[in-house]
Amino acid sequence: MHNDNRKIADEIILRSGVNPRKCMKCGKCTATCPAFDRMEYHPHQFVYMVETGDIEPLLESKSLYTCLSCFACVDRCPRGVEPAKLVEGVRNAVIRQQGKNHMTADDVPGKLDSDLPQQAIVSAFRKYTK
Amino acid sequence: MKVSYFPGCTLKNKAKDLDVYARKCAEILGVTLEEIENWQCCGGVFTSKDEVATKLSSLRALRYAQDRSQPLVSVCSACHNVLKQTNYLMQNDQAFANKANLYMTSNESCDPYDGTTAVYHYLELLRDVVGFDKIAEKVTNPLTGRKIAPYYGCLLLRPNSVMQMDDPENPTIFEDFIRALGAEPVVYSMRNECCGGYVTMEDPDFSKSKSNAVVNNAVSFGAECVVTACPLCKYNLDKNTHTIPVVYFTELLAEALGIKEDCDNA
Numbered sequence: 388m389h390n391d392n393r394k395i396a397d398e399i400i401l402r403s404g405v406n407p408r409k410c411m412k413c414g415k416c417t418a419t420c421p422a423f424d425r426m427e428y429h430p431h432q433f434v435y436m437v438e439t440g441d442i443e444p445l446l447e448s449k450s451l452y453t454c455l456s457c458f459a460c461v462d463r464c465p466r467g468v469e470p471a472k473l474v475e476g477v478r479n480a481v482i483r484q485q486g487k488n489h490m491t492a493d494d495v496p497g498k499l500d501s502d503l504p505q506q507a508i509v510s511a512f513r514k515y516t517k
Numbered sequence: 252m253k254v255s256y257f258p259g260c261t262l263k264n265k266a267k268d269l270d271v272y273a274r275k276c277a278e279i280l281g282v283t284l285e286e287i288e289n290w291q292c293c294g295g296v297f298t299s300k301d302e303v304a305t306k307l308s309s310l311r312a313l314r315y316a317q318d319r320s321q322p323l324v325s326v327c328s329a330c331h332n333v334l335k336q337t338n339y340l341m342q343n344d345q346a347f348a349n350k351a352n353l354y355m356t357s358n359e360s361c362d363p364y365d366g367t368t369a370v371y372h373y374l375e376l377l378r379d380v381v382g383f384d385k386i387a388e389k390v391t392n393p394l395t396g397r398k399i400a401p402y403y404g405c406l407l408l409r410p411n412s413v414m415q416m417d418d419p420e421n422p423t424i425f426e427d428f429i430r431a432l433g434a435e436p437v438v439y440s441m442r443n444e445c446c447g448g449y450v451t452m453e454d455p456d457f458s459k460s461k462s463n464a465v466v467n468n469a470v471s472f473g474a475e476c477v478v479t480a481c482p483l484c485k486y487n488l489d490k491n492t493h494t495i496p497v498v499y500f501t502e503l504l505a506e507a508l509g510i511k512e513d514c515d516n517a
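Chains as they are written, first to last, in the working numbering: chain A, 388 to 517; chain B, 252 to 517.
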């Protein structure tokens, strides 16, 4: 099982282009994240857990869908680690599997209100669905 | 001057006024926005660079502009972000560019995209091509005495290594735009923090707290109005805060140029 986790973590690192070993554990990504208090695992934990191959809790976590892709952590990381791209890498590892989409077309009508811009729907779909 | 114009899905629907004001104002400022034929939705967000298919709509727009030797302009922050990031990828990742161009050329008789299209947000067009000083000269209805808070949000500025619009932590383009219209920009600390974005679909309470933090901060610095370029920012702020009006920057521009009523009646 441990080998499988390492393999998944390495694939996420490869696909996202993020090198978690650059992280110096300052915590600035989490400090600047607008969603940190909604996340079970914070951005700095994503980086550490991918680095150490502790992947399973991340794959199961709702934190994957709370990231706003606002890129605050990407621009403000003093080491250029780009945590948001790693969060996306983990999320993709989940939703690219058969039947693992986080949002389906059938879910959308229940989430609409009369003013919701199309931009919100297409963005959520691109983030949550493959 | 003629430019290739990518309006995007929302400007054809929930944010029609953002589009209408932009077109009319451009005419007055000597720029013709030529809408790209058969443009396709940008997707709203730029996703992982190991995906080719999600970049093709942007790539078609970039190549359309290349074929006409025109810059590519959009008004929506999200469209601009996706177009600009796709352009950057095409310019800086040869393996990706080769792969994406193969998709494009296999079923369309065309040259590959060579990465030469300049991508401008409408605000950048105003600053870098038209010039804020020229806009100030064209203002017939200066917004004197109005205290306006620019809201950048995320998409205009980040990632800065790609967007290169302004200093991502201390931007001035929106403030300079507001000054050109005769109004007073309100500088406040939350102007480049997130409104809650698309997560509003799953967690509206979360967007409410983020949007209120932004608007309350602007109000505490004396703002009478918040101005934005992003339909999703406007939605989140409008829906969740009711203290001061939230308007599109193109509406302010139309008002200062004295054509707002013409646009509203069109």
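Note that the Cβ used here is the ideal one computed from N, Cα and C, for glycine as well.
Beta strand (DSSP E) containing residue 323(B): first to last residue?
Note, residue 323(B): beta strand (DSSP E), 323 to 325.
Mind checking residue 462(A): buried by the 16 CB within 10 Å criterion, or exposed?
Result: buried.
Short check: CB of residue 313(B) to CB of residue 338(B), under 8 Å?
Yes, these two residues count as a Cβ contact at 8 Å.
With H, G and I counted as helix, E and B as strand and the rest as coil, what does DSSP make of residue 498(B)?
Residue 498(B): strand per DSSP, three-state reduction.
Grab the span of the beta strand (DSSP E) containing residue 439(A) for me, first residue to last.
No beta strand (DSSP E) holds residue 439(A); the alpha helix (DSSP H) holding it covers 430 to 439.
Quick test of your reading: residue 403(B) and residue 442(B), contact by CB under 8 Å. State the CB separation rounded to the nearest angstrom.
That pair is a contact at about 5 Å.
Please give the ranges of any beta strand (DSSP E) in the segment 351 to 437 of chain B, keeping only runs that are unbroken, at least 3 residues long and fully inside the region.
Within the segment 351 to 437 of chain B, the complete beta strand (DSSP E) runs of at least 3 residues are 370 to 372, 398 to 401.
Kindly identify the DSSP beta-bridge partner or partners of residue 444(B).
Beta-bridge pairing links residue 444(B) to no other residue.
Report the option in 433(A), 458(A), 449(A) whose CA atom is closest to the CA atom of residue 408(A).
Of the listed residues, the one whose Cα sits closest to residue 408(A) is 433(A).
Considering only DSSP beta bridges, list what residue 476(B) is partnered with.
In the DSSP output, where bridge partners are listed per residue, residue 476(B) has 399(B).
Can you tell me where the alpha helix (DSSP H) with residue 253(B) in it begins and where it stops?
Counting along the chain, residue 253(B) falls outside any alpha helix (DSSP H), though it belongs to the beta strand (DSSP E) covering 253 to 256.
Would you mind giving the Cβ-Cβ distance between residue 510(A) and residue 295(B), rounded to the nearest angstrom? I have them listed as a contact below 8 Å.
The pair is a contact, with the Cβ atoms about 3 Å apart (cut-off 8 Å).
Is there a Cβ of chain B sitting closer than 8 Å to that of residue 558(A), yes or no?
There is no way to answer for residue 558(A), as the model of chain A reaches only from 388 to 517.
Would you mind reading off the limits of the beta strand (DSSP E) that contains residue 269(B)?
Not the beta strand (DSSP E): residue 269(B) falls in the alpha helix (DSSP H), residues 267 to 279.
Please determine, among 397(A), 412(A), 455(A), 447(A), the residue with the shortest C-alpha to C-alpha distance to residue 424(A).
Selected option, being the one with the closest Cα: 455(A).
On the DSSP letters alone, give me the boundaries of the alpha helix (DSSP H) that residue 337(B) sits inside.
First-last of the alpha helix (DSSP H) with residue 337(B): 328 to 343.
How about residue 409(B): is its C-beta nearer than 8 Å to some C-beta of chain A?
With 8 Å as the cut-off, residue 409(B) counts as an interface residue toward chain A.
To the nearest angstrom, report how far apart residue 412(A) and residue 431(A) are at their CA atoms.
Between residue 412(A) and residue 431(A), the C-alpha separation is close to 7 Å.
Ignore the nearest five residues each way along the sequence and tell me which others in residue 336(B)'s own chain have a CB closer than 6 Å to its CB.
297, 413.
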